[in-house]
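Add 346 to the 1-based position in the sequence shown for my numbering, that's all there is to it. Step one of this worksheet: look at the structure below.
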Amino acid sequence: MRFTLGLCVAGLIGVLAQPAQAQWSPQRQITIVVPIGAGGGVDATGRLLAEKLTERLKQPVVVENRTGAGGLTGTDTVAKAAPDGHTILLMETSSVLHKWLHKDVPFDVVSDFTPIARVAVSPLVLFAQPSFGPSNVRELIALAKSEPGKLSTGTPGVGTPHHLALMMLNAMAKIDILNVPYRAAAASLNDLLAGQIPMIWAAPTAAMPHVAAGKLKALGVASGQREASLPDIPTVAENGVPGFDLTIWFGVAVPSKTPPDVVARLSKEIAEIAAQPDVKERIQKFGLTPSYADSDAFRAQVRDDHLRFGKIIREAGIKPN
Numbered sequence: 347m348r349f350t351l352g353l354c355v356a357g358l359i360g361v362l363a364q365p366a367q368a369q370w371s372p373q374r375q376i377t378i379v380v381p382i383g384a385g386g387g388v389d390a391t392g393r394l395l396a397e398k399l400t401e402r403l404k405q406p407v408v409v410e411n412r413t414g415a416g417g418l419t420g421t422d423t424v425a426k427a428a429p430d431g432h433t434i435l436l437m438e439t440s441s442v443l444h445k446w447l448h449k450d451v452p453f454d455v456v457s458d459f460t461p462i463a464r465v466a467v468s469p470l471v472l473f474a475q476p477s478f479g480p481s482n483v484r485e486l487i488a489l490a491k492s493e494p495g496k497l498s499t500g501t502p503g504v505g506t507p508h509h510l511a512l513m514m515l516n517a518m519a520k521i522d523i524l525n526v527p528y529r530a531a532a533a534s535l536n537d538l539l540a541g542q543i544p545m546i547w548a549a550p551t552a553a554m555p556h557v558a559a560g561k562l563k564a565l566g567v568a569s570g571q572r573e574a575s576l577p578d579i580p581t582v583a584e585n586g587v588p589g590f591d592l593t594i595w596f597g598v599a600v601p602s603k604t605p606p607d608v609v610a611r612l613s614k615e616i617a618e619i620a621a622q623p624d625v626k627e628r629i630q631k632f633g634l635t636p637s638y639a640d641s642d643a644f645r646a647q648v649r650d651d652h653l654r655f656g657k658i659i660r661e662a663g664i665k666p667n
């Protein structure tokens with residue numbers, strides 16, 4: 347069995363070293379690990395990439411949702427996977443937060459992964475029930491200061507960018523809004539629509555149609571400047587919290603010891619997939635912004651955001667759980 351497996355891996359690496367038109371070995375399935383629950387833009391992006399890679403590589407590429415600990419569980423799964431190109435991580439912003447928000451993180455996001463490419467970015471928006479008093483972040487801050495510890499916001503879990511947005515708002519505005527963690531963004535949205543919670547941080551994908559229908563309202567967007575796709579939603583920074591800037595991103599990464607030939611082939615395939623007009627159109631329909639960055643640029647973003655958000659978290663006095 348070990349001899350057979352060794353031949354398969356050796357054969358795969360040999361195939362990848364051949365010219366670009368060579369096909370991958372069809373003997374093994376490729377798995378894209380999505381570290382958050384099914385549904386929403388991140389999962390949809392992973393499934394789109396799996397679909398396109400299956401078409402191009404002529405072998406099965408599937409998505410596996412490995413949830414838990416705000417994305418830490420799925421990310422760790424890929425960090426410990428065999429570095430042979432058969433296990434891929436749909437890496438998102440929470441991967442650079444784990445070290446600063448969890449006491450025991452079994453991987454190093456900078457040294458244990460090889461980023462392949464960034465494919466999309468998305469704003470985060472603070473949504474609220476229509477009956478909730480504040481209509482923007484400035485009014486929310488005033489209410490939170492008058493009722494410390496009484497307001498709450500739903501997020502998809504501790505260690506997610508949504509959780510970081512709440513902690514940044516608390517620290518920078520000197521308020522105390524409680525975090526209500528959910529296992530997935532869809533669950534927090536359902537509770538918001540049902541009136542079980544007054545606010546949630548969420549990507550606009552699933553929530554904006556409810557804003558258009560009058561079932562929700564948007565209080566502010568987390569990015570430093572107004573989003574072109576959401577021009578009527580003011581930023582948190584322009585509503586009393588100058589310097590507030592948080593945008594989430596999604597990309598593809600593999601374990602750090604993956605052979606260079608495998609990395610090069612994956613990089614080529616993802617670059618060509620990301621350039622396809624139908625892929626860009628579908629990503630936009632997920633509520634995301636297509637935003638390709640190659641391996642070097644994505645590696646720099648992972649490193650820089652890891653340091654930037656770590657500094658913000660430490661200066662805010664936020665302790666890892």
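Note that the Cβ used here is the ideal one computed from N, Cα and C, for glycine as well.
Mind listing, in chain order, the continuous alpha helix (DSSP H) runs of no fewer than 4 residues lying wholly within the region 565-624?
606-620
How many Å lie between I579 and Q630 at the Cα?
The residue labelled residue 579 in the question sits at position 233 within the sequence shown. The residue labelled residue 630 in the question sits at position 284 within the sequence shown. Spanning the two alpha carbons is a distance of roughly 18 Å.
In terms of residue numbering, what span does the beta strand (DSSP E) encompassing V380 cover?
For the purposes of this step, residue 380 is taken as the residue at position 34 of the sequence shown. Segment 376-380, the beta strand (DSSP E) holding V380.
Segment contact, 8 Å Cβ cut-off, at least three pairs: the region 528-535 with the region 383-396
yes
Which class does G420 belong to by DSSP, given the choice of helix, strand or coil?
Stepping through the sequence shown from its first residue, residue 420 is reached at position 74. If DSSP states are grouped into helix, strand and coil, G420 belongs with the helices.
Close-in-space but distant-in-sequence residues of the same chain around A620 (CB under 6 Å, 5 per side omitted):
Locating residue 620 in the sequence shown gives position 274, where the first residue counts as 1. Excluding residues within five positions, the ones whose Cβ falls inside 6 Å are V465, Y638.
Beta-carbon within less than 8 Å of L489's beta-carbon, same chain only, minus the 5 sequence neighbours each way: which residues are those?
In the sequence shown, the residue the question calls residue 489 occupies position 143. Counting only Cβ-Cβ distances below 8 Å, and skipping sequence neighbours, we find G479, P480, L497.
Who are the Cβ neighbours of R412 in its own chain at under 7 Å, not counting the five residues just before and after it?
Walking along the sequence shown from the start, residue 412 turns up at place 66. Cβ neighbours of R412 beyond the five flanking positions: V379, P381, T419, G420, T423.
Would you mind working out which of P544, E438, S575, G570 sits nearest E584, comparing C-alpha positions?
If you number the sequence shown from 1, residue 584 lands on position 238. For E584, the nearest C-alpha among the options comes from G570.
The region 622-629 in contact with the region 449-456 per 3-pair CB rule at 8 Å
no
At the level of alpha carbons, what is the spacing between T604 and K398?
Taking the sequence shown and counting its residues from 1, one reaches residue 604 at position 258. Taking the sequence shown and counting its residues from 1, one reaches residue 398 at position 52. Cα-Cα distance, rounded: 21 Å.
Our contact map puts A662 next to M513 with C-beta atoms below 8 Å; I'd like the distance itself, whole angstroms only.
Residue mapping note: residue 662 aligns to position 316 of the sequence shown, counting from 1. Residue mapping note: residue 513 aligns to position 167 of the sequence shown, counting from 1. Contact holds; Cβ gap of about 6 Å.
Rounded to whole angstroms, what's the CA-CA distance from E410 to S468? Just pull it up for me.
In the sequence shown, residue 410 corresponds to position 64, counting from 1. In the sequence shown, residue 468 corresponds to position 122, counting from 1. Using only the alpha carbons, I get a separation of about 22 Å.
Measuring CB to CB, does A474 end up less than 7 Å from L565?
Position 128 of the sequence shown, counted from the start, is the residue given in the question as residue 474. Position 219 of the sequence shown, counted from the start, is the residue given in the question as residue 565. Yes, the Cβ-Cβ distance between A474 and L565 is below 7 Å.
Buried or exposed (CB count within 10 angstroms, at least 16 for buried), V504:
Counted from its first residue, the sequence shown places residue 504 at position 158. Counting Cβ neighbours within 10 Å, V504 comes out buried, since at least 16 surround it.
With distances taken between CB atoms, is the gap from W547 to L634 smaller than 7 Å?
The residue given as residue 547 occupies position 201 in the sequence shown. The residue given as residue 634 occupies position 288 in the sequence shown. No, they are not a contact pair.
Let me know the secondary structure DSSP gives T460 once reduced to three states.
Numbered from 1 along the sequence shown, position 114 holds the residue referred to as residue 460. It is a strand residue.
Measuring alpha carbon to alpha carbon, tell me which residue in F596, V648, K657 is nearest P636.
Against the sequence shown, residue 636 aligns to sequence position 290. Cα-wise, what sits closest to P636 is F596.
Counting along the chain, where does the alpha helix (DSSP H) carrying I659 start and finish?
Indexing the sequence shown from 1 puts residue 659 at position 313. Segment 641-661, the alpha helix (DSSP H) holding I659.
By how many angstroms is the C-alpha of Q622 removed from the C-alpha of D640?
On the sequence shown, position 294 is the one that residue 640 refers to. On the sequence shown, position 276 is the one that residue 622 refers to. Cα-Cα distance, rounded: 15 Å.
Contacts around E573, its chain only, beta-carbon distance under 6 Å, and the 5 residues preceding and following it disregarded
By one-based count along the sequence shown, residue 573 stands at place 227. Counting only Cβ-Cβ distances below 6 Å, and skipping sequence neighbours, we find P469, V567.
Helix, strand or coil at L436 [DSSP, three-state]:
Reading the sequence shown from its first residue, position 90 is the one you call residue 436. Three-state DSSP puts L436 in a strand.
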